[in-house]
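Colleague: Note that the protein sequences, when read in sequence, are chains Y and F. For the first sequence, my numbering gives the first residue as 73, with consecutive numbering after it. For the second sequence, my numbering gives the first residue as 73, with consecutive numbering after it. Note that CB positions come from ideal geometry on N, CA and C, so glycine has one too. Only a predicted model underlies this, so the values are computations on that prediction, with no experimental measurement involved. One structure coming up, written as structure tokens, with questions to follow.
Number of protein chains: 2
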Amino acid sequence: MKAEFEEERQDNRVILYHLIQTGNGPQIIAFLEKLSPAEIARFITRLGQKDQTRLLELIGPEKSAILISKISGLGAAGIVERISTADAVPIVQEMGSDQQVRILRKLKEDDAELILQDIQPNRAKEIRQLMSYPENTAGGLMITEYLPYTSRLKVHDVLEDLREHGEVYSDYDIQYAYVISDTGKLIGVLRLRDLLLAPKSKPIAEVMIKDPLKVDVSASLQVLRDFFRQYTFLGVPVTDNEGNLVGVVRSYTVREAANKRNNQLFLKFAGIVGGEEARTMPLFKRSSRRLSWLSINIVLNIIAASVIALYQDTLEKAIVLAVFLPIISDMSGCSGNQAVAVSIRELTLGLVRPRELMRVLAKESSIGIINGFVLGCLLAAAALLWKGNLYLGLVVGVSLAANTLVAVSFGGLVPLILRSMRTDPALASGPLLTTITDMCGFFLVLSSGSLLLPKLTG
Amino acid sequence: MKAEFEEERQDNRVILYHLIQTGNGPQIIAFLEKLSPAEIARFITRLGQKDQTRLLELIGPEKSAILISKISGLGAAGIVERISTADAVPIVQEMGSDQQVRILRKLKEDDAELILQDIQPNRAKEIRQLMSYPENTAGGLMITEYLPYTSRLKVHDVLEDLREHGEVYSDYDIQYAYVISDTGKLIGVLRLRDLLLAPKSKPIAEVMIKDPLKVDVSASLQVLRDFFRQYTFLGVPVTDNEGNLVGVVRSYTVREAANKRNNQLFLKFAGIVGGEEARTMPLFKRSSRRLSWLSINIVLNIIAASVIALYQDTLEKAIVLAVFLPIISDMSGCSGNQAVAVSIRELTLGLVRPRELMRVLAKESSIGIINGFVLGCLLAAAALLWKGNLYLGLVVGVSLAANTLVAVSFGGLVPLILRSMRTDPALASGPLLTTITDMCGFFLVLSSGSLLLPKLTG
Chain Y
73 MKAEFEEERQ DNRVILYHLI QTGNGPQIIA FLEKLSPAEI ARFITRLGQK DQTRLLELIG
133 PEKSAILISK ISGLGAAGIV ERISTADAVP IVQEMGSDQQ VRILRKLKED DAELILQDIQ
193 PNRAKEIRQL MSYPENTAGG LMITEYLPYT SRLKVHDVLE DLREHGEVYS DYDIQYAYVI
253 SDTGKLIGVL RLRDLLLAPK SKPIAEVMIK DPLKVDVSAS LQVLRDFFRQ YTFLGVPVTD
313 NEGNLVGVVR SYTVREAANK RNNQLFLKFA GIVGGEEART MPLFKRSSRR LSWLSINIVL
373 NIIAASVIAL YQDTLEKAIV LAVFLPIISD MSGCSGNQAV AVSIRELTLG LVRPRELMRV
433 LAKESSIGII NGFVLGCLLA AAALLWKGNL YLGLVVGVSL AANTLVAVSF GGLVPLILRS
493 MRTDPALASG PLLTTITDMC GFFLVLSSGS LLLPKLTG
Chain F
73 MKAEFEEERQ DNRVILYHLI QTGNGPQIIA FLEKLSPAEI ARFITRLGQK DQTRLLELIG
133 PEKSAILISK ISGLGAAGIV ERISTADAVP IVQEMGSDQQ VRILRKLKED DAELILQDIQ
193 PNRAKEIRQL MSYPENTAGG LMITEYLPYT SRLKVHDVLE DLREHGEVYS DYDIQYAYVI
253 SDTGKLIGVL RLRDLLLAPK SKPIAEVMIK DPLKVDVSAS LQVLRDFFRQ YTFLGVPVTD
313 NEGNLVGVVR SYTVREAANK RNNQLFLKFA GIVGGEEART MPLFKRSSRR LSWLSINIVL
373 NIIAASVIAL YQDTLEKAIV LAVFLPIISD MSGCSGNQAV AVSIRELTLG LVRPRELMRV
433 LAKESSIGII NGFVLGCLLA AAALLWKGNL YLGLVVGVSL AANTLVAVSF GGLVPLILRS
493 MRTDPALASG PLLTTITDMC GFFLVLSSGS LLLPKLTG
């Protein structure tokens with residue numbers, strides 16, 4: 073059964089390839105509709121540039137826009153990056169405003185500019201406006217497709233309008249309509265549900281929710297996350313400094329953005345600069361991004377290891393210590409990274425604030441003492457078993473215990489300190505941490521080893 | 073301004089504490105309503121057990137249920153864990169079914185059982201049923217509060233029912249109503265929007281979407297993610313083997329669950345067993361969870377370092393190599409972890425399948441060669457600068473280059489292999505990787521060092 077399944081997949085790829093070669097657009101559309109977004113992304117992103125372009129041409133701009141929206145976050149931008157401006161323009165034009173902004177942001181500035189120049193001027197102006205807001209803010213996440221009605225209308229008028237323009241509106245994601253003043257100020261929100269339940273002759277001003285909740289156009293992702301945690305709304309109106317309605321942020325956009333940020337956090341934590349890498353990216357791009365982080369790391373590593381060089385004499389006499397140096401370096405790194413991760417997560421959720429250093433220090437140092445004690449005992453026991461030398465056990469055990477305390481405490485604090493300095497903690501915490509803990513660990517083992525040298529070599 | 077802000081926060085905590093001590097329920101409610109969920113979580117989760125219990129008593133079960141739902145994912149379960157069954161029952165009773173299941177799952181089985189025994193039997197039976205589904209499946213994520221109508225009704229009947237029960241329903245998250253057969257089979261979906269736009273005398277069977285999209289009760293989170301990536305619906309009906317409607321999964325629940333899983337992935341990757349830790353958890357729980365991972369790691373580390381012990385003679389003669397061992401161990405770990413993270417992410421998104429080992433190997437080994445070459449040159453240059461010995465540079469440079477290739481290739485593959493074996497790659501990949509790369513790295517440096525020993529000591 074499983075083998076069959078695999079075979080069928082293999083066949084699918086062959087079928088798609090064949091359909092592209094024979095130029096059968098409608099069949100490609102029918103074929104792709106049977107697949108899940110992850111499958112589509114797997115197939116499409118792995119096609120060569122020529123075949124990708126050909127496929128999009130074959131299915132036409134409208135279907136292409138749907139296809140690309142469907143695999144948003146699964147390598148969609150990479151596809152637009154690879155096609156020509158002439159091919160991209162009609163596709164981008166078919167997208168919703170949020171999708172347009174998301175895709176254009178990903179492109180090089182020149183490429184985005186070329187596309188914008190070819191888009192209908194009014195629309196292009198709107199997109200430029202949206203792109204001028206920082207990425208993870210209400211302005212950067214909002215859509216401009218929403219339904220505004222002036223406050224003088226009645227329930228009946230709005231229902232009429234909805235019925236008349238039903239088809240156009242069904243492309244929108246309508247759950248609310250917004251009531252504005254003659255000058256464009258937001259004064260109320262109409263839930264479609266309430267509209268449905270209200271007498272038709274009522275003025276909408278009496279059905280609407282007055283003084284509606286709204287967010288400022290500059291509101292951060294954290295604020296928006298908190299908002300949708302607090303209220304189960306599907307969207308929130310966005311207003312500018314003057315209280316004018318400028319857009320709507322949908323709750324699912326916020327959840328997707330939070331998801332994306334979490335993903336980036338994870339990859340950054342592992343040393344992927346930019347928080348994004350897919351294996352469909354060009355080799356050189358992937359390799360150089362990883363290298364930019366690694367090459368800083370190797371310099372820090374060399375600096376840390378220079379501590380060992382200072383103690384060459386000790387090491388020469390008690391060569392057995394060399395066995396324990398990598399263990400202490402690695403274990404301290406692990407212990408410290410656990411604390412780093414918990415701090416990064418608490419910062420992201422807003423459960424700890426960057427200034428609460430004392431709280432984190434108290435919480436982490438107590439763990440550092442317990443875990444340091446246990447790990448120190450384990451390592452001391454291993455040393456004792458191996459060499460039968462109590463002093464060796466003492467040197468490596470106490471060093472690991474002390475260094476675990478340092479690593480866990482420092483690991484908990486580093487992300488807070490970096491955040492206070494407005495630096496991204498995910499990428500920089502690890503290298504900073506290991507440099508300090510390596511230096512400290514090597515120093516502890518080798519200096520205490522120097523002191524007890526006669527006992528170690530005896 | 074900033075100082076003022078800080079002071080006000082400090083004051084807030086004092087105010088809340090004071091309100092709890094004086095037993096002023098209504099003022100506590102008013103006070104908490106001004107705060108964001110993250111702030112509430114920060115205040116509440118840090119209260120002592122006694123004050124937490126007292127606060128929940130003061131605001132009453134209904135407000136407590138809202139409060140706990142609001143800080144879902146921010147330490148909510150910890151609060152229910154800490155109060156007595158008698159206090160918990162009325163609060164749990166006020167929650168929606170998905171929230172109930174989420175909270176009860178978090179409790180120890182005995183505690184959950186005690187609460188269930190005190191809940192209204194019908195409701196308890198429903199909750200037990202929901203809890204019997206695995207956590208990240210449609211059954212585990214669905215709600216049972218939805219609106220089913222039999223197919224014989226007319227638009228008018230449904231609107232009438234909605235209008236009559238408006239208040240009850242407004243507690244629900246209604247966007248769709250579901251049309252079922254007399255035996256409970258799902259036969260259609262009614263969008264409220266369509267209901268609004270349709271003539272009142274039409275039978276709902278003509279307005280409904282026939283053969284609606286649905287998911288099986290056992291559908292995985294990955295399938296649900298894909299579903300809501302593909303369709304912009306707000307919810308999807310869930311059916312059992314016989315096609316009966318058993319619940320509804322809302323898109324935001326799926327996005328939240330995906331978010332939670334990403335977060336857990338991140339923490340597991342850093343060695344936090346269970347993927348969850350908050351600094352409000354008891355010290356011993358936090359410390360022992362971290363230790364359980366660290367103590368496996370230290371054993372693996374000792375095994376890896378035993379390679380060094382085999383080469384003590386070489387090391388004694390060329391002590392300078394000891395300086396490079398931790399560098400090679402650490403850098404290989406970093407390079408390998410980058411590949412691990414990219415694989416874990418691609419697996420999670422469904423962009424790579426566990427069996428595609430050859431694809432990942434090809435993609436990663438080419439990066440391993442480039443990055444290995446660059447890092448090897450850097451380390452060789454550092455060795456050369458330091459000691460002026462070309463052979464030393466050669467030994468450490470070539471070793472790091474070769475070991476980077478091993479680490480990157482193996483790092484890319486490990487998560488796929490673990491996933492094929494139905495093991496969680498996030499927690500186990502790191503330790504497995506570093507054990508292999510440490511052993512291999514130590515062996516490369518020390519064996520090549522042995523071969524060139526006369527040149528190193530010359």
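For F:V289, which of helix, strand or coil comes out of DSSP?
Modeller: Reduced to three states, the DSSP call for F:V289 is coil.
Colleague: Per DSSP, what kind of secondary structure is F:R322 in: helix, strand or coil?
Modeller: Looking at F:R322 - three-state DSSP - the assignment turns out to be strand.
Colleague: Determine the contact status of F:E349 and F:R361, defining contact as a CB-CB distance below 8 Å.
Modeller: Yes, these two residues count as a Cβ contact at 8 Å.
Colleague: By Cβ distance below 7 Å, which residues in the same chain neighbour F:L372 in space, the five residues on each side in sequence not counted?
Modeller: So the qualifying residues of the chain are P503 and T507.
Colleague: Taking 8 Å as the CB-CB cut-off, is Y:S471 touching chain F?
Modeller: With 8 Å as the cut-off, Y:S471 does not count as an interface residue toward chain F.
Colleague: Taking C-beta pairs closer than 9 Å, name the residues in chain Y that F:V446 reaches, listed in chain order.
Modeller: S359, L363, L366 and S367, listed in chain order.
Colleague: Would you be able to state if there are at least three C-beta pairs under 8 Å between the segment 407-425 of chain Y and the segment 473-489 of chain Y?
Modeller: A contact exists between the segment 473-489 of chain Y and the segment 407-425 of chain Y.
Colleague: At a CB-CB cut-off below 9 Å, which residues of chain F make contact with Y:G422?
Modeller: In chain order: S108, P109, A110, E111, A113, R114 and L146.
Colleague: Mind reading off the beta-carbon distance from F:L264 to Y:R265? Whole number of angstroms is fine, and I expect it under 8 Å.
Modeller: Rounded, the Cβ-Cβ distance is 7 Å, consistent with contact.
Colleague: For a minimum of 4 consecutive residues, which ranges assigned as the alpha helix (DSSP H) are wholly contained in the segment 104-146 of chain F?
Modeller: Counting only runs of 4 or more, we get 109-117 and 121-142.
Colleague: At a CB-CB cut-off below 8 Å, which residues of chain Y make contact with F:C449?
Modeller: The contacting residues do not exist; F:C449 stays about 10 Å from chain Y at best.
Colleague: Nearest to F:I441 by alpha carbon, out of F:L464, F:L457, F:L472 and F:A390?
Modeller: For F:I441, the nearest C-alpha among the options comes from F:L472.
Colleague: Which chain B residues sit within Cβ distance under 8 Å of F:E388?
Modeller: The question asks about chain B, but that chain is absent: this structure's protein chains are Y and F.
Colleague: For Y:L447 versus F:L366, is the C-beta spacing smaller than 8 Å?
Modeller: Yes, the Cβ-Cβ distance between Y:L447 and F:L366 is below 8 Å.
Colleague: Less than 7 Å between C-beta atoms, sequence neighbours within five positions excluded: which residues of the same chain meet that for F:F299?
Modeller: Correct list, in chain order: V287 and V308.
Colleague: Compare the C-beta of F:Y218 with all C-beta atoms of chain Y and state if any pair is closer than 8 Å.
Modeller: It does not: the Cβ of F:Y218 has no partner Cβ on chain Y nearer than 8 Å.
Colleague: Measuring only the C-alpha atoms, how far is F:G513 from F:G521?
Modeller: Whole-angstrom Cα-Cα distance: 12 Å.
Colleague: Name, in chain order, the residues that DSSP records as bridge partners for Y:Y248.
Modeller: Answer is Y:R263.
Colleague: CA-CA distance, F:L382 and F:A390?
Modeller: Near 14 Å, if we compare the C-alpha coordinates of F:A390 and F:L382.
Colleague: Straight-line CA distance for Y:Q410 to Y:A479?
Modeller: Computed Cα separation, rounded: 10 Å.
Colleague: May I ask you to list, following chain order, the residues of the segment 332-348 of chain Y that have a beta carbon less than 7 Å from some beta carbon of chain F?
Modeller: Residues N334, N335, L337, F338, L339, F341, A342, G343 and I344.
Colleague: Could you please give me the residues that DSSP links to F:V310 through a beta bridge?
Modeller: For F:V310, which the question treats as bridged, DSSP gives the partners F:V287 and F:G319.
Colleague: Assuming F:P220 is part of the alpha helix (DSSP H), what are its boundary residues?
Modeller: Here F:P220 belongs to no alpha helix (DSSP H); instead the beta strand (DSSP E) covers P220 to T222.
Colleague: What are the boundary residues of the alpha helix (DSSP H) that Y:D254 is part of?
Modeller: Unbroken run through Y:D254: none, as it is neither H nor E.
Colleague: How would you label Y:G211, buried or exposed, when you count the other beta carbons within 10 angstroms and need 16 or more for buried?
Modeller: The residue is buried, with at least 16 neighbouring Cβ atoms inside 10 Å.
Colleague: Assuming the contact rule is C-beta atoms closer than 8 Å, F:K226 and F:P275 should be a hit. Round their C-beta distance to whole Å, please.
Modeller: About 5 Å separates the two Cβ atoms, so the contact holds.
Colleague: Using a Cβ cut-off of 8 Å (strictly closer), state whether Y:D288 contacts chain F.
Modeller: No, Y:D288 lies away from the interface with chain F (no Cβ there is under 8 Å from its Cβ).
Colleague: Taking one C-beta from the segment 90-103 of chain F and one from the segment 123-131 of chain F each time, how about it: are there three or more such pairs within less than 8 Å?
Modeller: Flag = yes, the segment 90-103 of chain F and the segment 123-131 of chain F touch.
Colleague: Quick one: is F:F77 near chain Y, going by C-beta distance under 8 Å?
Modeller: Summary for F:F77: the model assigns pLDDT 43, below 50, so the residue's position carries little reliability; its value from the coordinates is reported in the next sentence. No, F:F77 lies away from the interface with chain Y (no Cβ there is under 8 Å from its Cβ).
Colleague: Under 7 Å between beta-carbons, which chain Y residues line up against F:P398? List them in chain order, please.
Modeller: Within chain Y, the residues near F:P398 are A377, L397, P398, S401 and D510.
Colleague: Considering just the uninterrupted stretch of the alpha helix (DSSP H) at F:I391, what are its terminal residues?
Modeller: F:I391 -> no alpha helix (DSSP H), and no H or E assigned at all.
Colleague: With respect to the alpha helix (DSSP H) encompassing F:R427, which residues constitute its N-terminal and C-terminal limits?
Modeller: Element bounds for F:R427: n/a, residue is neither H nor E.
Colleague: Which complete alpha helix (DSSP H) runs does the segment 146-221 of chain Y hold, if anything under 4 residues is left out?
Modeller: With a minimum length of 4 residues, the continuous alpha helix (DSSP H) runs that stay inside the segment 146-221 of chain Y are 148-154, 157-165, 169-178, 181-190, 193-203 and 210-213.
Colleague: Please report the straight-line C-alpha distance between Y:G469 and Y:N369, rounded to a whole angstrom.
Modeller: Those two C-alpha atoms are separated by around 27 Å.
Colleague: Just to check my reading of the structure: Y:L398 and F:S401 have Cβ atoms closer than 8 Å, yes? What is that Cβ distance to the nearest angstrom?
Modeller: At residue 398 of chain Y the sequence reads Pro, which differs from the Leu that was named. Rounded, the Cβ-Cβ distance is 5 Å, consistent with contact.
Colleague: In terms of residues, what are the limits of the alpha helix (DSSP H) holding F:Y463?
Modeller: Looking at the DSSP string, the run of the alpha helix (DSSP H) that includes F:Y463 is L462 to S492.
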